[in-house]
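If you read the sequence shown in this note's numbering, its first letter stands for residue 387, the second for the next number, and so on. Don't be surprised by glycine CBs; every beta carbon is placed ideally from N, CA and C. None of these values were measured; they are calculated from a predicted model. Each remark here refers to the structure printed beneath this line.
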Amino acid sequence: MPDAYNENDYKWIKELMLYPETLEKRLNYIRDTSRVEVPDDPIERVIFQSKAKKAIRKIAQNRGHMLMVGKPGTGKSLLAGMFNHIIDKSMGEYIRPGDSIAAYPGKDVNNVKFAYAEPKKLDRHIAKVREEIETAKNSVEEFSLSEQIGSVRKVKKLLLIATGLSIVTGIFFPTAFIFTGLTGIGAIFMYMQENNHKVQEKIQREAQSGKILSVKHILDMVPEVLYDPRKGTNLMINVSEPSSRNMKGGFRHDPYQSGIMQTPIHKRAYLGAHAKASIIYIDELKTLIKSRYMSSLLEIMQNKEYILEGGKNSGSGAADRSENYIKADNIIIACCNHDTLVHLQEEGDGAFLSRIEDKGEIVQMESGVPETAEHVMQVAQYIKQEIINLDKDFKETWGKVFEKEGHAGVRRRSAKIFGKRLPPDYRLEVRDFSRNAVAEVVKELRCRSFDGKLSCILRPLNGIIKTAEQNAIVDGARLVEPTHIRHALDEHLSLEGAISQEVIEHKKDLKKYITSMTDSIGYVVGLAVINSRAGGQMFGQPMPIHCQVNTGDSDIITAPGKIGDIAKAAAKNVRASIKKFLQGAGAPYVGYEMHIEYIQAHGGVEGDSASIAMDVGLISDFIQRPVNQKYGITGSLTGEIILAVGGVTEKIRSIMDTDLTMEGACIPWQNKYDIEPLLVNMEFEYIQQYDVPGIRIYRTDNKGDPFNIYFCKTKYNAYRILMELSREEIEDSMTERCRNDLKLMRV
C-alpha cells in the first residue's frame, strides 16, 4: 500500500497552523467579555443545545412530554428549569391547578373520597361546618362532678361529727377511742376523695374533653384540604427518586388505630406530585426504573387519573384506598443517560418511549458541537453568564462586610481565608476575561472533545472559570488571562484526573529507569487515556509497552495481564498483520511466539489505540532495532493503515510536560485536527522528517523545549520516525531474520 504524501497533504498540515489566527478572528468582535451581552430569553442562555432548545419551545407550545438523553453536565437540568420558566410565563395561569383538593370519609374506615372545589368556596363550606360544630359543642353541658363531691362531703361531715362524739365519750369510757381512730381515718379519706373529684372536674373543664368527645364523630366528617393552589405556587415539581408514595401519594400511619380516638382515613391521606403539579421533572430516570414505578407511570400517562391506594401489602394503611379517581394530567420532563435509554428500549418494548413520542419528543443532547463562529460566541456568552453569577455570589456573601468595613475589611478577612497577607490594592470584584482567556477556554473545550468539536459538557468548566477569577483577583490583574485559566486547570481535577496525575508522576521515573536499563529494543511508549465518568473528560498518560518475538513451532501471541476483549483482538490483529507482511515479502515460513506486556498497567487496558505501538514494539524486537523512547505513539492499526483513535489531544498533553523528557509523538493522520487546540497561545512551526509532515510546538518561551508531532498514514511512517528505517530496510531485515531462524531450526 502506498504510504507517500502528496502536495495536498503537506498543504493541509500547514493549514492547521492557521487555526489560532482563525480563532482570533472569530473573537475579534470583543476585546474582553465586558462587551458580551447575555440574552434576555432564558432558553438562549443555554449554549450549544440548539436542537434541544427548539424541541423545548415546540413541546411548550403543544404541552407535550419530553425526554432528554445525554451525558451529565450537558444542560439537561438547566433546560428543564427553563421549560418550567417559559410555561409559567406563557400559560402558567391556565395550566396551574386552580381547584383545591379535599378529602372526605368514604363508605367505611378504609375508604376516602376526593373532591375538587374552588378554594374560596371550599373555605366557606369548611368554616360553616366548623361553626356548626362549635355551636353543638357549646350546647353540651359543662362537665361536672358536683353530685359526687356533695355525697363525699356529707359522708365526711358525718364522720367528723362521729369523731368528735367519740372523743367526748372516750373521756368516760376509754374503749371509745378505738371508734375515734376509725372515724378519723374515714374522715381523712373522704377529704382526699373530695379533693380528687375537684381536681378531675377542673382538668376536664379546662381541656373541654367532654365537649370534644361528644362531637368527635361530627369533627371526623369535616373535609381535609390536601392541596390549596393558593399555597402551592410551583408549576413544576422536581422528583429525584420517583416512587408510588411521592408520585401518587398515600396514607400515613395511624398512631391510635383503636378506640374512640382513631384517626379517620381522610386525615391520614396525602397527595403526591401527580395531583399537585402540572409539570413533573424526573431528574434521573434510572431511579424510576429501580423503584419499579414505570408501570404505574405508564398507566397514569395514558388515563390521566388514578386511584390512591395503600402502599404496602400488610400493616397500617394496607387496605386504604380512594373510592373515586384523582386527576393527573401532567407534563412529564425526564432525563437519562444512554445506558438507561437502552433499558427503556427493551422495557415493555419501549412503552415509555412510545408514550413520550406520542405527545412529545425524545431529544438527544449534544456532547460535542462543531467549532463555528456562532459557537465560539456562545462560549464567550457562557463565560459572561458565569461572571455575573459569581458577582452575585460575592455580593450575597460579602455584601454586609463591604457595607460596614469597605474594601479594607474584605481584604483583612480574605487574608485569613488564604492564610497570607494580600496586596493593598486587593479588591474582591469580578474581572472580565480577556480575548486570549476566552480563546484558552475554547481551547480547553476543544481538548475535551474530538474531530474539531467543542465539548458540550460544561458543568466542570464552571469551577475552572470561578477559580481563574479568584486567581486574577489575588494577583490584582485587571483581566483574567490564559495563565490564570491554566493554573485553574491544574487545581481542578476530577478523581480520574488526580489518579492520572499520580500515574504520570510514577511513570516519569519508570520511563527514565527503563530507558537507562535497556537497549530500547522491543520497548515503545504507547499513549492511553482515563475517562472521567462524572465529567466526561479524558486524561492522557504514557504507557510503556514491552514486546518480544521468539522462534517457535506455532504462531501464537500472548498478552498477559488485565486487558479487555478489544485490546486482545488488537493484539491478534497485529500478529495477523505481521504474518501477512512476511508472506507478502516472500520470507520463509517460521512459527513465532509473540509476547506483549503493558508495563505496570495495573488498572487494565482496553481499546485498540495501542495496536500500532504493539506493532512497532514487535517489529523492533524482531529485527533488533531500538525504538526512540523520547517519542510516544497512538493509533489503531488496520493492515498497514493507522486509523484515528479517541483522546489524542489529551494523550499529547499528558507527555508535553518537560519533566517527562518526551520530545514528540506520532499520531494518526486522521487525528490531525485534534492538534489545533494545542497551538492556541503557543509558538509553533511546520516541520518534516524524511517525507512525514509534522508540527513543532515550543513548550517554553523564546522557542524553548520543542515538541514534535508527526502525522502518520501507515505503520511505515511510524517506523521511519521511531526507528529511522525505510520500508525497504524493514522488509529486508525481517526477511533476513526469517531465513536465519529457518537455518537454525534445520540444524
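Close-in-space but distant-in-sequence residues of the same chain around residue i (CB under 7 Å, 5 per side omitted)
i	result
residue 576	538, 541, 542, 545
residue 397	none
residue 566	549, 552, 553, 556
residue 1090	1084
residue 470	621, 622, 665
residue 462	454, 456, 721, 751
residue 418	818, 819, 820, 821, 865
residue 340	Since the first residue shown for the chain is 387 and the last is 1133, residue 340 is missing from the structure and cannot be characterised.
residue 1076	1106
residue 512	608, 609
Presumed contact (8 Å Cβ cut-off) between residue i and residue j, rounded CB distance
i	j	result
residue 906	residue 1054	Between residue 1054 and residue 906 the Cβ distance is about 23 Å, and since that is not below 8 Å, they are no contact.
residue 429	residue 444	Their Cβ separation, rounded to whole angstroms, is 12 Å, which puts residue 429 and residue 444 out of contact at 8 Å.
residue 633	residue 679	6 Å
residue 1016	residue 1047	7 Å
residue 732	residue 838	35 Å between Cβ atoms; not a contact.
For residue j and residue i, the rounded distance between their alpha carbons
i	j	result
residue 580	residue 533	11 Å
residue 914	residue 693	56 Å
residue 638	residue 630	13 Å
residue 1130	residue 1116	21 Å
residue 1056	residue 1027	11 Å
residue 517	residue 493	25 Å
residue 706	residue 648	14 Å
residue 876	residue 862	20 Å
residue 1168	residue 635	No answer is possible for residue 1168: it lies beyond the span of the chain, which begins at 387 and ends at 1133.
residue 835	residue 1040	15 Å
residue 662	residue 483	7 Å
residue 696	residue 686	17 Å
residue 489	residue 503	11 Å
residue 1074	residue 1094	10 Å
residue 841	residue 755	7 Å
residue 499	residue 441	39 Å
residue 676	residue 658	19 Å
residue 912	residue 927	9 Å
residue 480	residue 468	18 Å
residue 916	residue 925	5 Å
Neighbourhood of residue i by C-beta, 6 Å cutoff - its chain only, sequence neighbours within 5 removed
i	result
residue 450	745, 746
residue 1052	1019, 1096, 1098, 1104, 1107
residue 881	Reliability fails at residue 881, whose pLDDT of 48 lies under 50, so the model's placement of it is uncertain and no value is given.
residue 983	932
residue 690	714, 715
residue 845	459
residue 407	none
residue 466	667, 719
residue 1038	1051
residue 432	461, 464, 465
residue 709	492, 497, 499
N-terminal and C-terminal residue of the beta strand (DSSP E) that residue i is part of
i	result
residue 1094	1090-1098
residue 984	977-984
residue 451	451-455
residue 486	486-491
residue 624	622-625
residue 1081	1078-1086
residue 839	839-841
residue 608	Here residue 608 belongs to no beta strand (DSSP E), and DSSP marks it neither H nor E.
residue 1074	1069-1075
Residue i, enclosing alpha helix (DSSP H) - first and last residue
i	result
residue 1056	No alpha helix (DSSP H) holds residue 1056; DSSP gives it neither H nor E.
residue 999	997-1009
residue 721	Run containing residue 721: none in the alpha helix (DSSP H); it sits in the beta strand (DSSP E), 717-722.
residue 768	759-804
residue 1029	Looking at the DSSP string, residue 1029 is not in any alpha helix (DSSP H); the run it does join, the beta strand (DSSP E), is 1027-1029.
residue 648	Here residue 648 belongs to no alpha helix (DSSP H), and DSSP marks it neither H nor E.
residue 827	821-833
Own chain partners of residue i with C-beta closer than 8 Å, once the 5 adjacent residues on each side are dropped
i	result
residue 671	453, 720, 721, 722, 726, 730
residue 1058	398, 399, 402, 1097
residue 508	486, 488, 609, 611
Open item on the list: Tell me whether the stretch 930-939 and the stretch 994-1014 touch, counting them as touching only if at least three CB pairs, one residue from each stretch, are closer than 8 Å.
Closed with: The stretch 930-939 makes contact with the stretch 994-1014, as at least three CB pairs between them are under 8 Å.
Task: Cβ contact check for the stretch 856-870 and the stretch 818-829: 3 or more pairs under 8 Å - done: Remark: three or more beta-carbon pairs, one from each stretch, lie closer than 8 Å, so the stretch 856-870 and the stretch 818-829 are flagged as touching.
TODO: Give a yes or no on contact between the stretch 418-436 and the stretch 756-775, applying the rule of three or more CB pairs nearer than 8 Å.
DONE: The stretch 418-436 makes contact with the stretch 756-775; the number of CB pairs closer than 8 Å reaches 3 or more.
Task: At least three beta-carbon pairs within less than 8 Å, the stretch 715-728 to the stretch 403-417 - done: Verdict: no, contact absent.
- [ ] Could you tell me whether the stretch 609-622 touches the stretch 645-664, where touching means 3 or more Cβ pairs closer than 8 Å?
- [x] Per the Cβ contact rule, the stretch 609-622 is in contact with the stretch 645-664 (3 or more Cβ pairs under 8 Å).
- [ ] Please confirm if the stretch 845-862 is in contact with the stretch 806-821, defined as three or more CB-CB distances below 8 Å between the two stretches.
- [x] Judged by pairs of C-beta atoms under 8 Å, the stretch 845-862 touches the stretch 806-821, as three or more such pairs exist.
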